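**Q**
4 protein chains.
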Amino acid sequence: MQRTSETKVLRDPIHGYIHVDLQVIWDCINAREFQRLRRIHQLGGNFQVYHTAEHSRFAHSLGVYEIVRRMVYEVHALNEQLSEYDKMTVMLAGLLHDIGHGPFSHAFEAISSVKHEEFTVRIILEDTEINHILRAVDARLPQAVASIITYDHPNPLLNQIVSGQLDADRMDYLLRDAYFTGTSYGEFDLERIIRTMRVRNGKIVVKESGIHTVEDYIMARYHMYWQVYYHPIARSYETILHLLFKRMKTVYREHPEWLSDLKMFLPFLAKAQPDVHDHFILDESAALYGFTVLTTGKDPILADLAGRLLNRRLFAYTTIHNDEDIDAIRTEVALRGYDTEYYLACDQAYQRPYQPYKAGDGHNIWVICEDDSVKELSEISDIVSAIVRGKSKEDKKAFYPEV
Amino acid sequence: MQRTSETKVLRDPIHGYIHVDLQVIWDCINAREFQRLRRIHQLGGNFQVYHTAEHSRFAHSLGVYEIVRRMVYEVHALNEQLSEYDKMTVMLAGLLHDIGHGPFSHAFEAISSVKHEEFTVRIILEDTEINHILRAVDARLPQAVASIITYDHPNPLLNQIVSGQLDADRMDYLLRDAYFTGTSYGEFDLERIIRTMRVRNGKIVVKESGIHTVEDYIMARYHMYWQVYYHPIARSYETILHLLFKRMKTVYREHPEWLSDLKMFLPFLAKAQPDVHDHFILDESAALYGFTVLTTGKDPILADLAGRLLNRRLFAYTTIHNDEDIDAIRTEVALRGYDTEYYLACDQAYQRPYQPYKAGDGHNIWVICEDDSVKELSEISDIVSAIVRGKSKEDKKAFYPEV
Amino acid sequence: MQRTSETKVLRDPIHGYIHVDLQVIWDCINAREFQRLRRIHQLGGNFQVYHTAEHSRFAHSLGVYEIVRRMVYEVHALNEQLSEYDKMTVMLAGLLHDIGHGPFSHAFEAISSVKHEEFTVRIILEDTEINHILRAVDARLPQAVASIITYDHPNPLLNQIVSGQLDADRMDYLLRDAYFTGTSYGEFDLERIIRTMRVRNGKIVVKESGIHTVEDYIMARYHMYWQVYYHPIARSYETILHLLFKRMKTVYREHPEWLSDLKMFLPFLAKAQPDVHDHFILDESAALYGFTVLTTGKDPILADLAGRLLNRRLFAYTTIHNDEDIDAIRTEVALRGYDTEYYLACDQAYQRPYQPYKAGDGHNIWVICEDDSVKELSEISDIVSAIVRGKSKEDKKAFYPEV
Amino acid sequence: MQRTSETKVLRDPIHGYIHVDLQVIWDCINAREFQRLRRIHQLGGNFQVYHTAEHSRFAHSLGVYEIVRRMVYEVHALNEQLSEYDKMTVMLAGLLHDIGHGPFSHAFEAISSVKHEEFTVRIILEDTEINHILRAVDARLPQAVASIITYDHPNPLLNQIVSGQLDADRMDYLLRDAYFTGTSYGEFDLERIIRTMRVRNGKIVVKESGIHTVEDYIMARYHMYWQVYYHPIARSYETILHLLFKRMKTVYREHPEWLSDLKMFLPFLAKAQPDVHDHFILDESAALYGFTVLTTGKDPILADLAGRLLNRRLFAYTTIHNDEDIDAIRTEVALRGYDTEYYLACDQAYQRPYQPYKAGDGHNIWVICEDDSVKELSEISDIVSAIVRGKSKEDKKAFYPEV
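One line per chain: the protein sequences are A, B, C and D, in this order. Residues 1 to 403, numbered by the UniProt record's numbering, are exactly what the first sequence covers, in order. Residues 1 to 403, numbered by the UniProt record's numbering, are exactly what the second sequence covers, in order. Residues 1 to 403, numbered by the UniProt record's numbering, are exactly what the third sequence covers, in order. Residues 1 to 403, numbered by the UniProt record's numbering, are exactly what the fourth sequence covers, in order.
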């Protein structure tokens with residue numbers, strides 16, 4: 001593996017510095033598909049709530065890479081047990097895990113037939129700069145990197161590093177999102193978590209003495225979900241995005257010529273399988289410019305919804321307890337002259353209650369106890385046990401235009 | 001003056017919270033011209049150096065407003081001497097002082113006949129949402145706000161609050177840029193500066209006991225300039241921007257049809273006086289999407305330069321000591337087949353040496369000494385005196401494609 | 001109430017500044033009984049675990065005062081409902097609530113017949129500088145201040161501000177202890193808690209929208225207890241202190257002449273009721289110097305125990321599950337030649353499981369819900385409910401000399 | 001060299017963690033002479049100004065050790081050029097460099113014939129726990145460690161690491177004192193300084209690209225001196241200490257029996273050469289308890305001065321411009337009935353103007369320029385040059401009882 005001439009460092013508020021000393025990492029960072037992530041916000045509509053949440057998936061991806069790098073070199077057992085090739089592979093997987101994201105990925109899937117996770121794999125495996133860089137190192141490298149991202153690598157440790165319950169991805173985004181929103185909710189002691197990591201039976205575990213730090217991390221996650229990610233104003237923004245894309249699909253079917261200027265969206269409306277080039281073009285700048293064009297377009301619903309997104313005239317919201325609640329709102333919104341197909345949405349899609357630990361899957365957090373037994377976290381943490389057993393917190397809301 | 005029903009607060013990592021309790025401030029924040037600032041990066045090309053410098057002029061503008069608000073209420077003399085109307089006016093001026101910025105403002109002035117400062121005034125005075133909001137309070141308010149921004153308000157205190165040497169604008173951006181780049185260079189004790197501010201002879205002064213804090217602020221500024229704002233990589237990005245716009249002007253003259261898809265730029269190329277609506281449309285998303293379009297356009301130079309900006313294939317640079325240095329580089333770049341008109345620039349425009357204190361103008365920092373005399377800062381600070389008298393630090397560089 | 005000539009400020013890392021503008025507060029800070037708190041560590045033996053936990057009760061007391069000050073002026077309802085006299089009284093109570101602390105208060109109560117809470121009241125009411133300062137303002141003021149500290153003030157709001165479940169005392173010490181230990185466990189958003197406080201039915205409540213911040217505070221408390229306050233090494237130190245004082249009592253009974261040099265401890269050994277002057281003399285410097293004297297004294301047990309405290313030769317510890325465990329350890333320690341009366345202790349005294357919410361008492365945290373009903377925190381917070389209902393975390397340990 | 005069974009870590013707010021993996025380091029930390037440093041404040045009287053400046057020389061010494069450790073392992077050239085034995089030696093020197101400090105060292109030298117630097121060497125070389133621990137490793141180790149502390153080690157790199165102009169000692173105390181006072185003055189980018197360190201011609205140098213960080217460090221130092229270390233209130237406290245010890249010497253000569261209870265001070269008054277055991281006994285607790293005893297002693301001047309120190313009744317101060325100023329104050333203080341021998345001091349001793357760079361000595365900061373030449377910092381930094389050439393800032397003050 002070729003090293004860079006000297007360790008390259010990138011200043012980062014979360015990690016102090018991002019350290020790069022493999023040439024292939026440096027080349028991937030400079031590849032156009034990776035640079036494109038500068039033009040995708042990490043938190044989508046959340047900057048509508050926390051006005052400083054303006055950081056990109058580019059910065060987050062570097063952060064994930066840095067945590068993976070520290071794990072594979074600083075966790076003694078990982079450093080010993082993983083080959084240099086595997087270390088390189090998992091660092092690449094950390095770096096590239098989000099490369100398939102598009103603008104407002106979740107809402108956008110209303111019109112796109114390809115999910116962002118698929119694009120991630122395709123960008124790694126198909127004809128892209130990233131793929132050429134990886135293949136120049138080794139022909140099997142793209143597949144190896146992709147298999148970690150899809151949680152299919154034969155070495156389960158590598159999968160866990162990138163996508164477990166205590167993985168580099170989550171640890172970076174909690175810390176980063178906390179820093180950039182300016183809340184303290186997402187803070188926890190990354191240093192100590194890394195220090196207490198061990199390997200047992202092919203699983204990454206934490207020492208019992210580090211359990212309080214892990215509880216802190218779980219709480220950080222819990223709070224970030226409810227205070228930031230599921231904030232109703234962010235969901236209001238996401239709802240409008242969703243409705244706009246839904247409307248766009250209808251308009252494309254009925255009046256495709258009305259959308260002729262929106263070249264960035266057309267491949268996704270027209271093709272069954274948009275390709276990686278179509279994906280490359282559609283960054284968040286393109287989408288936002290598309291919205292600007294829509295504000296003066298022929299379809300009044302698209303024009304209105306796009307203007308709402310650009311100028312923050314968001315939907316109001318009401319907590320929904322039963323179907324009658326929704327019906328009542330629907331009637332009222334319709335009476336006020338709105339097409340409820342595009343002016344009312346009930347946020348069920350994002351309501352996933354917080355259930356961190358699905359019994360039996362490989363994503364649990366494991367703790368190595370003082371007596372050397374390995375237990376699942378909620379077995380020995382009262383706090384976590386309470387969260388797991390507690391009734392799921394739900395928050396069903398309807399979103400619609402303010403009176 | 002109408003107050004909001006309760007104080008509205010926006011979480012902010014620099015100030016803790018931004019506090020709003022005047023309705024007119026809240027309405028301006030929600031006006032579309034202000035919301036547009038979310039789509040303009042505060043630091044232009046600097047995120048190419050500091051990858052987390054992704055914050056917007058929206059956040060900065062809120063921060064300036066917050067510092068102005070604290071100054072007018074917390075500096076005893078300002079609180080006493082300013083009317084409530086003047087306080088509102090200067091808070092609005094702080095909030096709106098950057099509203100005329102476009103994408104990559106400085107480079108963009110290569111094609112635009114209107115400077116961003118002019119647009120700021122026009123957005124306040126012409127037919128915009130902002131203007132309507134201000135006029136609904138009082139017909140003279142737009143003019144009053146604009147006059148502070150142009151440093152022409154009859155009450156010199158108001159001008160100084162927004163644009164002095166120790167003004168709300170600089171204090172916010174130094175702190176904010178330091179936070180978002182992750183450097184410690186821009187940090188200084190805002191709290192203490194506000195606490196030591198007084199008013200003497202119609203001037204804002206600081207108490208001598210606060211002089212170390214002001215020295216710290218001056219040093220913060222000095223370091224931020226050389227470590228962040230004038231970083232050669234940021235200047236390389238700015239140089240390419242400048243050359244791209246220069247080339248765009250030529251192409252528009254020679255082959256306007258090649259640019260027909262670039263609706264966001266056309267008014268600035270075509271009109272002697274683009275209007276506030278043209279300005280509104282051209283945010284950074286639009287510009288970046290324009291660059292994406294250019295990468296597949298007919299002009300190879302524009303295509304190449306746009307690709308360089310999007311995919312970070314920046315120019316190399318060399319320090320220039322005299323004309324022969326430039327000539328040598330020009331010859332070499334030409335030999336390598338490049339049109340030096342668009343592939344070589346010498347960064348003189350940004351070289352303004354750091355000269356904070358122009359003798360005789362009203363922008364000095366004044367200190368009230370223990371004997372109650374008022375002196376200019378460099379008279380009593382050895383550090384500042386040294387910076388002022390020291391030879392100007394220069395850094396002339398040529399930028400051109402890497403071999 | 002006399003104001004200071006200008007607001008006096010004391011720089012503080014937790015609160016930025018401590019602000020004083022009442023002369024009586026300033027005078028109390030400068031009273032000798034308050035200055036003495038500089039010579040009492042806030043965290044007793046915890047600096048044996050966290051070597052930077054070297055802050056004093058002086059700093060903490062200023063911090064409590066500052067939070068009280070902010071509550072009474074910044075919580076709208078408190079500012080409206082409390083008279084200026086009551087505000088002054090409760091600020092004084094916050095400032096003085098710990099003034100009766102001695103060195104290693106809890107362990108010291110092994111020899112002292114007077115608890116530190118009693119001394120606090122006596123210092124306020126008896127012939128001291130503090131008492132003179134308070135009486136100079138108003139003859140009833142000492143009693144009013146003391147009644148808040150004993151939770152007996154007729155206005156329950158005042159009692160709650162200083163000693164509720166969400167009081168100024170706890171909020172300061174969690175933040176302060178976290179800062180000085182360098183852990184992040186104790187951090188929570190004080191700013192936001194104050195912002196969401198309201199008053200309902202004579203109770204301080206928090207708005208439902210602030211519930212996550214309160215959960216964060218409860219978790220901070222939970223973690224600080226287990227990671228810092230109940231850390232076994234700190235308890236080892238406390239245990240030795242306890243045994244040393246116990247031994248001192250025996251030696252005083254049997255060989256009082258062996259302790260004749262220990263003038264700082266004698267009044268507490270000799271008198272049924274040591275007075276406030278005796279208390280004043282015995283600060284932590286006096287106690288530590290006393291230990292130094294003991295290391296060369298006639299009683300070998302006192303000499304050894306004192307040397308252990310000064311030179312950090314702490315006891316080992318073992319988790320105890322039942323009486324047999326203790327018996328086994330006792331036998332072994334005795335076999336190794338130690339007097340188990342002074343070389344073995346089972347830490348039951350400090351084992352109070354964490355039970356924040358005693359049903360029916362006035363110390364609960366109350367939340368005002370969106371429907372305007374007032375509920376106890378654990379009724380609406382799943383996290384807190386889980387902590388309350390969860391089985392008490394216990395940690396019984398025996399402490400004894402390392403082999 | 002024996003390693004600890006696993007790396008031991010101590011949580012530290014400045015460095016995150018202090019890492020120990022050599023047994024000899026761990027043993028020295030646990031030696032009684034080192035533990036004694038817990039009972040010596042780092043900043044002497046400064047906690048009278050900054051009430052949270054309560055940290056000890058223990059914490060600082062650990063911090064110096066940690067920076068040395070990072071330098072020898074993370075600065076590539078040091079890691080390569082130094083033997084493991086030399087690395088161990090210099091880490092020990094960093095750890096132990098302050099071990100000879102007593103309470104209020106500078107003022108105390110009014111009565112002590114032995115300076116703290118001498119005690120440091122003696123504790124390392126004479127019959128102490130520290131000495132035994134070092135000798136158990138290697139008989140020459142104590143001398144090797146001591147020679148670094150006295151700047152006499154044959155390898156100049158080792159001397160520079162501990163006592164240069166950019167040494168581990170200063171870097172730790174600036175950062176630490178800033179943290180514990182709660183000021184931002186002392187902050188600078190330690191990470192980056194270490195990253196830019198190189199070795200040239202047997203000298204530690206910094207890369208030119210790191211020069212701004214070094215300027216920041218120099219400024220941090222400048223500000224900390226004037227804002228913290230030379231703060232007039234701290235000097236007032238130091239002055240009273242100095243006068244108290246001066247008076248104690250007189251009283252011991254005239255009425256030694258008045259001091260018979262002050263066993264902690266007697267060896268220093270009585271012996272020409274107090275020994276390391278006398279030194280060990282006299283920690284800050286002993287001194288403070290001694291002051292408490294003095295407040296009720298027979299000499300009224302000692303009683304008064306000691307009370308002033310304990311209860312913060314400090315001296316007032318006046319800036320002195322010439323001898324007449326002092327004479328006038330002396331006359332007035334005498335008129336008010338004070339013995340000016342013990343109630344007036346002019347603070348010349350601490351007035352050392354800030355002159356960091358003595359031409360020709362080995363303590364300069366050296367910079368390796370882009371052209372590979374090595375220059376002294378002030379040659380290439382305008383800021384530093386200005387500070388060096390600027391007129392020395394002086395602050396001569398008289399201290400005496402407030403009216």
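Backbone N, C-alpha and C fix where the C-beta goes; we use that ideal spot for every residue, glycine too. Note that the coordinates shown come from a computational prediction; the quantities given were computed from them, not determined experimentally.
Which residue spans inside the stretch 263-296 of chain C form an unbroken alpha helix (DSSP H) run of at least 4?
**A** Taking only runs of at least 4 residues, the alpha helix (DSSP H) segments lying wholly in the stretch 263-296 of chain C are 266-270, 276-281 and 284-294.
**Q** Cutting at 7 Å between CB atoms, please list the residues of its own chain near residue 116(B), excluding the five before and the five after it.
**A** Same-chain partners within the cutoff: 100, 101, 102 and 105.
**Q** Mind checking the stretch 41-52 of chain A against chain C and listing, in chain order, the residues whose C-beta falls within less than 7 Å of any C-beta there?
**A** Listed by position along the chain: nothing, the set is empty.
**Q** For residue 273(D), count the other beta carbons within 10 Å of its own beta carbon; 16 or more makes it buried, fewer makes it exposed. Which is it?
**A** Exposed is the call here.
**Q** To the nearest angstrom, how far is the alpha carbon of residue 133(D) from that of residue 145(D)?
**A** Each residue's Cα considered, the two are about 12 Å apart.
**Q** Could you tell me the alpha carbon to alpha carbon distance between residue 64(B) and residue 222(B), rounded to whole angstroms?
**A** Going by the C-alpha atoms only, they are around 20 Å apart.
**Q** Where does residue 354(D) fall in DSSP's three states?
**A** Only weak support is given to the placement of residue 354(D): the predicted model assigns it a pLDDT of 34, under 50, and the value that follows is read from those uncertain coordinates. Coil at residue 354(D), not helix or strand.
**Q** Look at the Cβ atom of residue 94(B), then the Cβ atom of residue 68(B), and state whether they are nearer than 7 Å.
**A** Yes, they are a contact pair.
**Q** Could you compute how far the alpha carbon of residue 368(C) sits from the alpha carbon of residue 82(C)?
**A** Roughly 20 Å between the two C-alpha positions.
**Q** Would you mind stating whether residue 85(C) and residue 79(C) have Cβ atoms separated by less than 7 Å?
**A** No, Cβ-Cβ distance for residue 85(C) and residue 79(C) is not below 7 Å.
**Q** Where does residue 137(D) sit, in a helix, a strand or coil, going by DSSP?
**A** The answer is helix: DSSP assigns residue 137(D) an H, G or I state.
**Q** Shorter than 7 Å from the beta carbon of residue 184(B) to some beta carbon of chain D?
**A** Yes, residue 184(B) lies at the interface with chain D (some Cβ there is under 7 Å from its Cβ).
**Q** So which residues of chain A does residue 332(D) contact, with C-beta pairs closer than 9 Å?
**A** What residue 332(D) touches in chain A: nothing, since even the nearest Cβ is about 54 Å away.
**Q** First and last residue of the beta strand (DSSP E) that includes residue 365(A)?
**A** Per DSSP, residue 365(A) belongs to no beta strand (DSSP E) and is neither H nor E.
**Q** At the level of alpha carbons, what is the spacing between residue 17(D) and residue 10(D)?
**A** If I take the Cα positions, the gap works out to 5 Å.
**Q** Applying a beta-carbon distance threshold of less than 7 Å, which residues of chain B neighbour residue 337(C)?
**A** By Cβ distance, chain B contributes nothing, its closest Cβ being about 57 Å from residue 337(C), past 7 Å.
**Q** Counting only beta-carbon atoms, is residue 191(C) nearer than 7 Å to chain B?
**A** So yes, residue 191(C) belongs to the interface.
**Q** Kindly indicate which residue of 185(B), 187(B) and 204(B) has the alpha-carbon position closest to the one of residue 164(B).
**A** Checking every option, the nearest Cα to that of residue 164(B) belongs to 204(B).
**Q** Please check if any C-beta of chain B sits within less than 7 Å of the C-beta of residue 91(D).
**A** Chain B, which has no Cβ nearer than 7 Å to the Cβ of residue 91(D), makes this no.
**Q** Could you check if residue 135(B) belongs to the surroundings of the ligand NAD, using beta carbon to heavy atom distance under 6 Å?
**A** The ligand NAD is not part of this structure, which contains no ligands at all.
**Q** So, helix, strand or coil for residue 319(C), using DSSP?
**A** Strand.
**Q** Measuring CA to CA, which of 307(C), 345(C), 310(C) and 304(C) is closest to residue 445(C)?
**A** In the structure as shown, chain C begins at 1 and stops at 403. Residue 445(C) is therefore absent and cannot be evaluated.
**Q** Measuring CB atoms only, is the stretch 297-315 of chain D touching the stretch 49-64 of chain D, in the sense that at least three cross pairs come out at less than 8 Å?
**A** No, they do not touch.
**Q** For the alpha helix (DSSP H) holding residue 8(D), just list the boundary residues, first then last.
**A** That residue, residue 8(D), is in no alpha helix (DSSP H); its beta strand (DSSP E) goes 3-12.
**Q** Determine the closest residue to residue 402(D) out of 340(D), 316(D), 275(D) and 333(D), with distance taken between C-alpha atoms.
**A** Taking only the C-alpha atoms, the option nearest residue 402(D) is 316(D).
**Q** Starting from residue 22(B), trace the beta strand (DSSP E) in both directions and tell me its first and last residue.
**A** First-last of the beta strand (DSSP E) with residue 22(B): 16-22.
**Q** The beta strand (DSSP E) with residue 408(A) in it runs from where to where?
**A** Given that chain A is displayed from residue 1 to residue 403, the structure contains no residue 408(A) and the question cannot be resolved.
**Q** Thinking just about the alpha-carbon of each residue, which of 372(C), 280(C), 293(C) and 375(C) is nearest to the one in residue 126(C)?
**A** The residue with the shortest Cα to Cα distance from residue 126(C) is 280(C).
**Q** So residue 137(B) packs on residue 148(B), CB below 8 Å; how close in whole Å?
**A** Not a contact, Cβ separation roughly 15 Å.
**Q** Would residue 56(A) count as contacting chain B if we go by Cβ distances under 7 Å?
**A** For residue 56(A), the answer is yes, since a Cβ of chain B falls inside 7 Å of its Cβ.
**Q** Compare the C-beta of residue 15(A) against all C-beta atoms of chain C and say whether one is closer than 7 Å.
**A** For residue 15(A), the answer is no, since every Cβ of chain C falls outside 7 Å of its Cβ.
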